[in-house]
Amino acid sequence: MSAAPGPTGPSLRREFEALFGYPALGCFRAPGRVNLIGEHTDYNNGFVLPIAIDRAVHVAIGRRPHAHDDGTVAQPRREDSIRIVTDHRDESGERLAGQFTAEELVPGVLRGWLSHPAGVVDEIVKSTGTAVGGIDLYIESTVPVGAGLSSSHALEVAVLIALDEICGLGLDDREKVLLTQRAENDFVGAPTGIVDQAASIMTEAGHALFLDCRDLRTRQIPFDLEAEGLQLLVLDTRVSHSHSESGYGDRRHTCEEAAGILGAESLRELEKDDDLGRLTGEQQKRVRHVISENARVRATVELLDSGDSEEHRIRRIGELLLASHDSLAHDYEVSCIELDTAVAAATSAGAIGARMIGGGFGGSAIALVEAASVDEVSGAVRAAFADHGYATPDIFAVSAGAGAGRID
Ligand code: GAF
Numbered sequence: 001m002s003a004a005p006g007p008t009g010p011s012l013r014r015e016f017e018a019l020f021g022y023p024a025l026g027c028f029r030a031p032g033r034v035n036l037i038g039e040h041t042d043y044n045n046g047f048v049l050p051i052a053i054d055r056a057v058h059v060a061i062g063r064r065p066h067a068h069d070d071g072t073v074a075q076p077r078r079e080d081s082i083r084i085v086t087d088h089r090d091e092s093g094e095r096l097a098g099q100f101t102a103e104e105l106v107p108g109v110l111r112g113w114l115s116h117p118a119g120v121v122d123e124i125v126k127s128t129g130t131a132v133g134g135i136d137l138y139i140e141s142t143v144p145v146g147a148g149l150s151s152s153h154a155l156e157v158a159v160l161i162a163l164d165e166i167c168g169l170g171l172d173d174r175e176k177v178l179l180t181q182r183a184e185n186d187f188v189g190a191p192t193g194i195v196d197q198a199a200s201i202m203t204e205a206g207h208a209l210f211l212d213c214r215d216l217r218t219r220q221i222p223f224d225l226e227a228e229g230l231q232l233l234v235l236d237t238r239v240s241h242s243h244s245e246s247g248y249g250d251r252r253h254t255c256e257e258a259a260g261i262l263g264a265e266s267l268r269e270l271e272k273d274d275d276l277g278r279l280t281g282e283q284q285k286r287v288r289h290v291i292s293e294n295a296r297v298r299a300t301v302e303l304l305d306s307g308d309s310e311e312h313r314i315r316r317i318g319e320l321l322l323a324s325h326d327s328l329a330h331d332y333e334v335s336c337i338e339l340d341t342a343v344a345a346a347t348s349a350g351a352i353g354a355r356m357i358g359g360g361f362g363g364s365a366i367a368l369v370e371a372a373s374v375d376e377v378s379g380a381v382r383a384a385f386a387d388h389g390y391a392t393p394d395i396f397a398v399s400a401g402a403g404a405g406r407i408d
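With UniProt numbering, the residue at position 330 of the sequence shown is 330, and numbering never jumps.
Right under this line is the structure:
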């Protein structure tokens, strides 16, 4: 249940050199995230409150030496390929690996995990005009794939920050967030928002990131549960999810349609007493979720900021988490039976609050628990899953870790 130990700079460098036969130029790390509250609000220009977690994608990067016929070494050429090797292995024990050249980057052709780094390279070429070629990357990840902890966004961010530095792009945080979002939307084909990239790039250790997705304004909110005798558990249902599938895109489309009918630029502009009568029943439910979820994010931030007694604040935050789950399950309809089971079992066993996180249809829930109740809550979730015949959930504690950066 403890933090997943990650690789170190020296271990990444060793592996890089063993694989590619020359030394790496640097090592970088980009964390996954847990969104405390504010789900499906980002693409509606609303509010989110994520933390970066201590599970991350690590990258060692190098420029491949390119030998002239006379034996002298030149800079790699732009048409030279980008090669990527990972520590993940397929069923036959082969490492997952791939390569592409910048010229080969056509959306829809590269699929699966490789489409994420490829999308980043494509966007770098398009938006900065920088030639990217002759690069090697070695990748090790401790973010579980498909668990709703943003493993693919962390991969994009890790590759981007490594290329940013090695190619001297000089992108600021805001540009990095928007570039990885375009890579995801236009190249990978998943119509996602910005919360995951922002959490990975903009979060400071020991803080939650209060982000206004309309203008990317941020505020770092001190967030230290351990100091208050609490733990945040991730309850990974092991039900895999994907944002390229229709459920996520349908929700986004319905929200945009509803905003258009109401004459609003986005659902962010709406307040709870807006007249929703012109919308269909389904549109009304989606809008109700977005409006109420934005209010819950603001209420959570106010509680974290307030001088209220600890017990009162924590109990109220727990209620907000449960209300968020209820709204995602019934109004937004993105939960699933395993997520509902995890939330119900955790709450019955004494969790202060719990809710599904991320896009939904699988992935993880979180539970806010007193440190003394961790075993009881975890045991209750495992027992409920066993009773229903679901896969054994993966349960572990997370705390507010550092955002992305160079580690060596
Ligand atoms: C996924 C998406 F990638 C995010 O942009 C966000 O919309 C989230 O689902 C739901 O809040 O993680």
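Using N, Cα and C, we set each Cβ at its ideal position, and we do this for glycine too. Just so we're clear, the structure is a prediction, and the values are computed from it rather than from any experiment.
Is it true that the CB of residue j sits closer than 8 Å to the CB of residue i?
{"i": "Arg-315", "j": "Ile-352", "result": "yes"}
{"i": "Ile-221", "j": "Ala-208", "result": "yes"}
{"i": "Thr-300", "j": "Leu-320", "result": "yes"}
{"i": "Ala-52", "j": "Thr-203", "result": "yes"}
{"i": "Asp-408", "j": "Gly-9", "result": "yes"}
{"i": "Tyr-138", "j": "Ala-198", "result": "no"}
{"i": "Phe-20", "j": "Arg-298", "result": "no"}
{"i": "Ser-200", "j": "Ser-150", "result": "yes"}
{"i": "Val-157", "j": "Ala-258", "result": "no"}
{"i": "Gly-119", "j": "Ile-82", "result": "no"}
{"i": "Cys-167", "j": "Val-239", "result": "no"}
{"i": "Leu-303", "j": "Arg-313", "result": "yes"}
{"i": "Gly-148", "j": "Ile-357", "result": "yes"}
{"i": "Gly-189", "j": "Pro-117", "result": "no"}
{"i": "Tyr-390", "j": "His-40", "result": "no"}
{"i": "Gly-401", "j": "Asp-54", "result": "yes"}
{"i": "Glu-104", "j": "Arg-182", "result": "no"}
{"i": "residue 417", "j": "Leu-235", "result": "This structure gives no information on residue 417, because the portion of the chain shown stretches from 1 to 408."}
{"i": "Glu-311", "j": "Ala-349", "result": "no"}
{"i": "Ser-266", "j": "Phe-187", "result": "no"}
{"i": "Gln-231", "j": "Ala-397", "result": "yes"}
I'd like the span of the beta strand (DSSP E) that includes residue i, first residue to last.
{"i": "His-241", "result": "Taken as a continuous stretch (DSSP letters only), His-241 belongs to no beta strand (DSSP E), as it is neither H nor E."}
{"i": "Phe-100", "result": "95-100"}
{"i": "His-40", "result": "Segment: none, His-40 is in no beta strand (DSSP E) and carries neither H nor E."}
{"i": "Glu-104", "result": "Here Glu-104 belongs to no beta strand (DSSP E), and DSSP marks it neither H nor E."}
{"i": "Gly-219", "result": "First, the amino acid is wrong: residue 219 is Arg here, not Gly. Here the beta strand (DSSP E) through Arg-219 covers 217-222."}
{"i": "Asp-394", "result": "394-398"}
{"i": "Leu-49", "result": "47-63"}
{"i": "Glu-204", "result": "No beta strand (DSSP E) contains Glu-204, which DSSP labels as neither H nor E."}
{"i": "Arg-355", "result": "353-356"}
Between which two residues does the alpha helix (DSSP H) containing residue i stretch?
{"i": "Ser-150", "result": "Neither: Ser-150 is in no alpha helix (DSSP H) and is coded neither H nor E."}
{"i": "Ala-10", "result": "Looking at the sequence provided, one finds Pro at residue 10 rather than Ala. Per DSSP, Pro-10 belongs to the alpha helix (DSSP H) from 9-20."}
{"i": "Tyr-138", "result": "Taken as a continuous stretch (DSSP letters only), Tyr-138 belongs to no alpha helix (DSSP H), being part of the beta strand (DSSP E) at 135-141."}
{"i": "Asp-80", "result": "Per DSSP, Asp-80 belongs to no alpha helix (DSSP H) and is neither H nor E."}
{"i": "Leu-339", "result": "337-348"}
{"i": "Val-374", "result": "374-388"}
{"i": "Val-301", "result": "281-305"}
{"i": "Val-132", "result": "Careful: Val-132 lies outside any alpha helix (DSSP H) and carries neither H nor E."}
{"i": "Leu-178", "result": "173-182"}
Mind reading off the beta-carbon distance from residue i to residue j? Whole number of angstroms is fine, and I expect it under 8 Å.
{"i": "Thr-128", "j": "Leu-169", "result": "6 Å"}
{"i": "His-325", "j": "Val-343", "result": "5 Å"}
{"i": "Ser-378", "j": "Leu-233", "result": "7 Å"}
{"i": "Pro-50", "j": "Thr-237", "result": "Incorrect: roughly 19 Å between the Cβ atoms, too far for contact."}
{"i": "Arg-296", "j": "Ile-37", "result": "6 Å"}
{"i": "Asn-44", "j": "Arg-268", "result": "6 Å"}
{"i": "Gly-359", "j": "Tyr-248", "result": "5 Å"}
{"i": "Lys-176", "j": "Leu-160", "result": "6 Å"}
{"i": "Val-109", "j": "Ala-97", "result": "Incorrect: roughly 17 Å between the Cβ atoms, too far for contact."}
{"i": "Pro-7", "j": "His-58", "result": "5 Å"}
Report the option in the options whose CA atom is closest to the CA atom of residue i.
{"i": "Phe-100", "options": "Ile-135, Ser-92 and Ile-124", "result": "Ile-135"}
{"i": "Arg-95", "options": "Val-34, Glu-140 and Leu-270", "result": "Glu-140"}
{"i": "Leu-25", "options": "Pro-7, Arg-64 and Ile-37", "result": "Arg-64"}
{"i": "Gly-229", "options": "Val-34, Asp-375 and Glu-370", "result": "Glu-370"}
{"i": "Ser-373", "options": "Arg-296, Asp-87 and Ala-346", "result": "Ala-346"}
{"i": "Ile-317", "options": "Arg-355, Arg-382 and Gly-112", "result": "Arg-355"}
{"i": "Phe-28", "options": "Gly-62, Asn-45 and Tyr-22", "result": "Gly-62"}
{"i": "Thr-280", "options": "Thr-142, Ser-152 and Cys-255", "result": "Cys-255"}
{"i": "Asp-340", "options": "Gly-307, Asn-294 and His-388", "result": "His-388"}
{"i": "Ile-261", "options": "Asp-375, Gly-249 and Gln-284", "result": "Gln-284"}
{"i": "Gly-112", "options": "Glu-175, Arg-13 and Glu-184", "result": "Glu-184"}
{"i": "Tyr-22", "options": "Pro-5, Gly-263 and His-66", "result": "His-66"}
{"i": "Glu-338", "options": "Asn-294, Ser-306 and Ala-386", "result": "Ala-386"}
{"i": "Asp-212", "options": "Gly-193, Ile-161, Ala-102 and Glu-226", "result": "Gly-193"}
{"i": "His-241", "options": "Ala-102, Ser-364 and Glu-17", "result": "Ser-364"}
{"i": "Ser-152", "options": "Leu-171, Glu-165 and Val-195", "result": "Val-195"}
{"i": "Pro-191", "options": "Ala-383, Arg-251, Val-121 and Ala-404", "result": "Arg-251"}
{"i": "Arg-278", "options": "Gly-263, Ala-227, Asp-70 and Asp-90", "result": "Gly-263"}
{"i": "Leu-368", "options": "Thr-180, Arg-14, Ala-131 and Phe-223", "result": "Phe-223"}
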